[in-house]
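**Q** Chains as they are written, first to last, in the working numbering: chain A, 163 to 411; chain B, 24 to 395.
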Amino acid sequence: MSLLDISRLVVSVDDKEILKGLDLQVNPGEVHAIMGPNGSGKSTLTNALAGRDGYTIKHGQALFDSTDLTELEPEERSHAGLFLAFQYPVEIPGVTNMEFLKTSVDSHREIKGLQELTAVEFMRNLRNLAKRLELNPDFLKRGVNESFSGGEKKRNEILQMLCLNPRLALLDETDSGLDIDALQIVAKGINEFRTSTNAVVLVTHYQRLLNYITPDFVHVLIEGRIAKSGDATLALELETKGYGWLNGS
Amino acid sequence: MTTSETSTLIPSFAPWLNRTEAQSVLDELGLPRYRSEPWKYTNPQPLIDEIANFVEVDGDTITSLDDEIEVCSLSSPRAKSLAKTKLGSSVEREQYSPMLALNLVNLTGGFLIRAEPNDRSSTPLVTIEPAMNRCERFIVIVESGATLQLEETCDGGNRVFECLIEEGATLIHKRFQKPSETVEYGHICVQVGTNSSYRLDQFSTGAALRRNEIVVDIQGEGARVSVEGGWRLMDQTHVDSQISVNHLAPRSESGMKFHGVVGGRSRAVFNGRIHIARDAQHTSAHLTNKNILTSDTAEVYTKPELEIYADDVACSHGATSGQLDEDQLLYMRTRGISKNRSREMLLKGFLNEVVTDTAGSRLLGVSNTAQP
Ligand SMILES: Nc1ncnc2c1ncn2[C@@H]1O[C@H](COP(=O)(O)OP(=O)(O)O)[C@@H](O)[C@H]1O
Ligand SMILES: [Mg+2]
Numbered sequence: 163m164s165l166l167d168i169s170r171l172v173v174s175v176d177d178k179e180i181l182k183g184l185d186l187q188v189n190p191g192e193v194h195a196i197m198g199p200n201g202s203g204k205s206t207l208t209n210a211l212a213g214r215d216g217y218t219i220k221h222g223q224a225l226f227d228s229t230d231l232t233e234l235e236p237e238e239r240s241h242a243g244l245f246l247a248f249q250y251p252v253e254i255p256g257v258t259n260m261e262f263l264k265t266s267v268d269s270h271r272e273i274k275g276l277q278e279l280t281a282v283e284f285m286r287n288l289r290n291l292a293k294r295l296e297l298n299p300d301f302l303k304r305g306v307n308e309s310f311s312g313g314e315k316k317r318n319e320i321l322q323m324l325c326l327n328p329r330l331a332l333l334d335e336t337d338s339g340l341d342i343d344a345l346q347i348v349a350k351g352i353n354e355f356r357t358s359t360n361a362v363v364l365v366t367h368y369q370r371l372l373n374y375i376t377p378d379f380v381h382v383l384i385e386g387r388i389a390k391s392g393d394a395t396l397a398l399e400l401e402t403k404g405y406g407w408l409n410g411s
Numbered sequence: 024m025t026t027s028e029t030s031t032l033i034p035s036f037a038p039w040l041n042r043t044e045a046q047s048v049l050d051e052l053g054l055p056r057y058r059s060e061p062w063k064y065t066n067p068q069p070l071i072d073e074i075a076n077f078v079e080v081d082g083d084t085i086t087s088l089d090d091e092i093e094v095c096s097l098s099s100p101r102a103k104s105l106a107k108t109k110l111g112s113s114v115e116r117e118q119y120s121p122m123l124a125l126n127l128v129n130l131t132g133g134f135l136i137r138a139e140p141n142d143r144s145s146t147p148l149v150t151i152e153p154a155m156n157r158c159e160r161f162i163v164i165v166e167s168g169a170t171l172q173l174e175e176t177c178d179g180g181n182r183v184f185e186c187l188i189e190e191g192a193t194l195i196h197k198r199f200q201k202p203s204e205t206v207e208y209g210h211i212c213v214q215v216g217t218n219s220s221y222r223l224d225q226f227s228t229g230a231a232l233r234r235n236e237i238v239v240d241i242q243g244e245g246a247r248v249s250v251e252g253g254w255r256l257m258d259q260t261h262v263d264s265q266i267s268v269n270h271l272a273p274r275s276e277s278g279m280k281f282h283g284v285v286g287g288r289s290r291a292v293f294n295g296r297i298h299i300a301r302d303a304q305h306t307s308a309h310l311t312n313k314n315i316l317t318s319d320t321a322e323v324y325t326k327p328e329l330e331i332y333a334d335d336v337a338c339s340h341g342a343t344s345g346q347l348d349e350d351q352l353l354y355m356r357t358r359g360i361s362k363n364r365s366r367e368m369l370l371k372g373f374l375n376e377v378v379t380d381t382a383g384s385r386l387l388g389v390s391n392t393a394q395p
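See the structure below:
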């Protein structure tokens, strides 16, 4: 049984069809990379899966652990173990990272019937994670993503992923805007997260990140459809040939 | 009520305050009218009618625990002599506003508060309790080099503050406006002297009608003014804040910043105005008002105004009102935080950007300790 099972998915935004019949199966233990030119629908896919308003599933379906995702609110998808690292994480001034992360972790614990973490337990765990991602713990007192650099925002997404320990992580362009050091830190975080029971979908339009994380499958999304799938070597092929040769297919 | 009827209300309290002259001013100006410019979205009539219910009482709304602070009734000869030398004729201001004249004509009580410099490290505190059914006036004099903090709780009534901040002095005014079923009028006018500082933190919840008028005149060089706060309105409440900061001297700074959450069938009115006179060079002044509407039936009328007659200044102004940010809401929900909890956290965060006072955040229901 696949963890994520998407079949013939058609998604429209503002009455414009963006995904035009997409199929994708992701099993526990797998890493998939979704590549494709700008505007091909990668973020539309991740947003539709996370439950953003206005991303209407017209046809087909997306099952997460056999549950039809359209039946779940965004927070229920999160509780079920789906995580989206946003391409553009939003800033929330006035809500501190600390408060945000703790409420998030406690919401998950509540669903599982566990008690809230004490502030001390929570902080111990968080400090360790922040250190692994080389984030200055001072960021916890600041507003969520407020005046973070692009790289800090992306590392904060990975930090949240590690806090929530999801079953499926969709990482939308988490590599973009990172310098080489930050890229390695993020890749290390993702590699350490991987187990035989969870799965990762990396959305990227560069092959750069794949030098550090070896995907089991690479899919090329073009104009709302998977135009080609293959193994890690496909990413290298795309690196030299670009996407042009796939347009006609 | 006609103006001639109001003259029959003059009680005997503190006649030295030129209260008969105030009546003439009122006769001349006439009562404020709904839909006139300063009353575009607020009908003044309930505030005027309410005065008929007011009674003269011995005031005990004021408490001072500090020796450095002198507090005396406006009916005392002491208050008269202090105020006369410091503030001159008090009807001068009333020429500009019939509501101020109305307050003076119908006065039921009031106090003079005077702060002298002291060597203590803590700020002397005067607390002022709510005064329903009273028409009060407070004259506040912070003498050169002195510091004073006023903590005022509001719940109905009609109240005017005249504040004078002398050179190098500091006045902090914290204003807690409690949920109220009655109507309330408050006016604060402040003269800010050279190198002195004035800070008003105003936290408002809803009332049947609550009108806040604040006029700050920066008269000395190097003065710093901050007027900040927030409101959180629900049900059928109405809060109107009219705030002017006038830079009349060079090298002064001011900041005016209010955030409001407006729900139910409530109405928030905000008119923030910064005026920079020709001589007020090297001035910096910033004004913002942001509102979040949490229902379709809530209303916000906000207008930031900037009038600049000097050329070497740094100024900004802006106002917004809208719904909660959908992207922020989604972001929180994708992290497993329920929709309601996310909304509450976002509103709290939004208000906490301006509400840095613990008692203020408690009043607005956004304190960290009182979480659901
Ligand atoms: N909110 C939106 N409203 C209208 N069109 C959108 C919206 N978001 C994305 N699109 C359009 O959908 C297409 C796919 O966008 P997107 O999924 O962001 O691509 P990618 O992530 O692959 O770069 C683009 O043509 C884009 O212009
Ligand atoms: Mg994208």
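The beta carbon of each residue, even a glycine, is placed where N, CA and C say it ideally should be.
Small disclaimer: the values here were computed from a predicted structure and weren't measured.
1. Do T379/B and S390/B count as a contact pair if the criterion is CB distance below 8 Å?
2. Any heavy atom of ligand 2 inside 7 Å of the beta-carbon of K178/A?
3. What residues in the stretch 344 to 359 of chain B have a beta carbon less than 8 Å from any beta carbon of chain A?
4. What do you reckon, is the C-beta of Q249/A under 7 Å from a heavy atom of ligand 2?
5. In chain B, which residues lie with their C-beta within 9 Å of the C-beta of I219/A?
6. Counting only runs of 3+ residues fully inside the stretch 294 to 330 of chain B, write out the beta strand (DSSP E) ranges in chain order.
7. Based on the DSSP secondary-structure assignment, which residues constitute the bridge partners of R182/B?
8. Exposed or buried, what is K220/A when buried is set at 16 or more other beta-carbons lying within 10 Å of its beta-carbon?
9. Taking Cβ positions, are L127/B and E115/B nearer each other than 8 Å?
10. Which residue marks the beginning of the alpha helix (DSSP H) containing N363/B, and which one marks its end?
11. Once DSSP output is grouped into helix, strand and coil, what is the label at E278/A?
12. Would T229/A count as contacting chain D if we go by Cβ distances under 8 Å?
13. Against chain B, with Cβ distances strictly below 8 Å, would S269/A count as a contact?
14. By the 10 Å Cβ neighbour count, where 16 or more other Cβ atoms means buried, how is E51/B classified, buried or exposed?
15. Any contact of the stretch 245 to 255 of chain B with the stretch 277 to 287 of chain B, i.e. 3+ C-beta pairs under 8 Å?
16. What residues from chain A crowd round M368/B, counting only those whose CB sits closer than 8 Å?
17. Along the beta strand (DSSP E) that carries D332/A, what are the first and last residues, could you check?
18. Closer than 7 Å by C-beta to G341/B: which residues in its own chain qualify, once you throw out the five before and the five after it? Chain order, please.
19. From the beta carbon of D215/A, is the nearest beta carbon of chain B less than 8 Å away?
20. Quick one: what's got a C-beta closer than 6 Å to T84/B's C-beta in the same chain, skipping five residues either side?
21. Which runs of the beta strand (DSSP E) spanning at least 3 residues fall entirely within the stretch 220 to 247 of chain B, listed in chain order?
22. Can you tell me which of the three DSSP states V348/A falls into?
23. Compare the C-alpha of D142/B against each of I74/B, L223/B, Q304/B, D90/B and name the closest.
24. In chain B, what lies closer than 8 Å to L162/A by C-beta?
25. Examine the Cβ distances between the stretch 218 to 235 of chain A and the stretch 390 to 402 of chain A and report whether three or more of them are shorter than 8 Å.
26. If you count every other CB in all the chains shown that lies within 10 Å of the CB of L276/A, and 16 or more means buried, which is it?
27. From this set, R358/B, L374/B, C338/B, which residue's C-alpha is nearest L347/B's C-alpha?
28. For Y217/A, which beta-bridge partners are listed by DSSP?
29. Where does the unbroken alpha helix (DSSP H) through A124/B begin, and where does it stop?
30. So with CB distances below 8 Å, who are the chain A contacts of R364/B?
31. Does ligand 2 have a heavy atom nearer than 7 Å to the CB of K204/A?
32. Using a Cβ-Cβ cut-off of 8 Å, state whether N314/B counts as contacting chain A.
33. Our contact map puts A169/B next to E190/B with C-beta atoms below 8 Å; I'd like the distance itself, whole angstroms only.
34. Considering A102/B, what are the terminal residues of the alpha helix (DSSP H) in which it resides?
35. List the whole-angstrom C-beta distance separating D258/B from S289/B, where the pair is believed to meet the contact cut-off of C-beta under 8 Å.
36. Could you tell me whether any Cβ in chain A is nearer than 8 Å to the Cβ of G179/B?
**A** Answer, in terms of the structure:
1. Numbered from 1 along the second sequence, position 367 holds the residue referred to as residue 390/B. Numbered from 1 along the second sequence, position 356 holds the residue referred to as residue 379/B. Using a Cβ distance threshold of 8 Å, S390/B and T379/B do not count as a contacting pair.
2. To locate residue 178/A, count along the first sequence from 1; it is residue 16. No, the Cβ of K178/A stays beyond 7 Å of every heavy atom of ligand 2.
3. D348, E349, D350, Q351, L353, Y354, M355, R356, T357, R358, G359
4. For the purposes of this step, residue 249/A is identified with residue 87 of the first sequence, where counting begins at 1. Yes, Cβ of Q249/A sits closer than 7 Å to a heavy atom of ligand 2.
5. To locate residue 219/A, count along the first sequence from 1; it is residue 57. Residues of chain B passing the Cβ test: none, with the nearest at roughly 16 Å.
6. 306 to 316
7. Reading the second sequence from its first residue, position 159 is the one you call residue 182/B. Paired residue(s): E159/B, G209/B.
8. Here residue 220/A refers to the residue found at position 58 when the first sequence is read from its first residue. The residue is exposed, with fewer than 16 neighbouring Cβ atoms inside 10 Å.
9. Taking the first residue of the second sequence as 1, we reach residue 127/B at position 104. Taking the first residue of the second sequence as 1, we reach residue 115/B at position 92. Taking 8 Å as the Cβ cut-off, L127/B and E115/B do not qualify as a contacting pair.
10. Locating residue 363/B in the second sequence gives position 340, counting from the first residue. Taken as a continuous stretch (DSSP letters only), the alpha helix (DSSP H) holding N363/B covers 362 to 375.
11. Sequence index remark: in the first sequence, residue 278/A carries index 116 (1-based). Here E278/A sits in coil by DSSP.
12. As a matter of chain content, chain D is missing from the structure shown, whose protein chains are A and B.
13. Numbered from its first residue, the first sequence carries residue 269/A at position 107. Cβ-Cβ to chain B under 8 Å: yes for S269/A.
14. Start at 1 with the first residue of the second sequence, and residue 51/B comes out as number 28. Classification for E51/B: exposed.
15. Taking 8 Å as the limit for Cβ pairs, the verdict is that the stretch 277 to 287 of chain B does touch the stretch 245 to 255 of chain B.
16. As a position in the second sequence, residue 368/B is number 345, starting the count at 1. Near M368/B (Cβ distances below 8 Å), the residues of chain A are V257, E261, F262, T265.
17. Within the first sequence, residue 332/A is the residue found at index 170, counting from 1. A small correction: the amino acid at residue 332/A is Leu; Asp does not occupy that position in the sequence shown. 330 to 334 is the extent of the beta strand (DSSP E) around L332/A.
18. Within the second sequence, residue 341/B is the residue found at index 318, counting from 1. The residues are T311, P327.
19. As a working mapping, residue 215/A is identified with position 53 in the first sequence. Output row for D215/A: interface = yes.
20. Translated into the one-based positions of the second sequence, residue 84/B becomes position 61. Cβ contact annotation for T84/B (same chain, cutoff 6 Å, sequence separation greater than five): I151, E152, A154, in chain order.
21. 220 to 228, 232 to 241
22. Reading the first sequence from its first residue, position 186 is the one you call residue 348/A. Helix, per DSSP.
23. For the purposes of this step, residue 142/B is taken as residue 119 along the second sequence, with counting starting at 1. Of the listed residues, the one whose Cα sits closest to D142/B is D90/B.
24. For residue 162/A there is no data in the structure shown, the boundaries of chain A being 163 and 411.
25. no
26. Here the question's residue 276/A lines up with position 114 in the first sequence. L276/A should be labelled exposed.
27. Within the second sequence, residue 347/B is the residue found at index 324, counting from 1. Nearest C-alpha to L347/B: L374/B.
28. Counting from one through the first sequence, the residue named residue 217/A turns up at place 55. Paired residue(s): V175/A.
29. Working through the second sequence from its first residue, we reach residue 124/B at position 101. Here the alpha helix (DSSP H) through A124/B covers 121 to 128.
30. Locating residue 364/B in the second sequence gives position 341, where the first residue counts as 1. The contacting residues are T265, S269.
31. Taking the first sequence and counting its residues from 1, the one referred to as residue 204/A is at position 42. The answer is yes for K204/A.
32. Counted from its first residue, the second sequence places residue 314/B at position 291. With a threshold of 8 Å between beta carbons, N314/B makes no contact with chain A.
33. Residue mapping note: residue 169/B aligns to position 146 of the second sequence, counting from 1. Residue mapping note: residue 190/B aligns to position 167 of the second sequence, counting from 1. Between E190/B and A169/B the Cβ distance is about 10 Å, and since that is not below 8 Å, they are no contact.
34. Indexing the second sequence from 1 puts residue 102/B at position 79. Per DSSP, A102/B belongs to the alpha helix (DSSP H) from 100 to 110.
35. Numbered from 1 along the second sequence, position 235 holds the residue referred to as residue 258/B. Numbered from 1 along the second sequence, position 266 holds the residue referred to as residue 289/B. Between S289/B and D258/B the Cβ distance is about 6 Å, and since that is below 8 Å, they are a contact.
36. The count along the second sequence starts at 1 and reaches residue 179/B at position 156. No, no contact with chain A.
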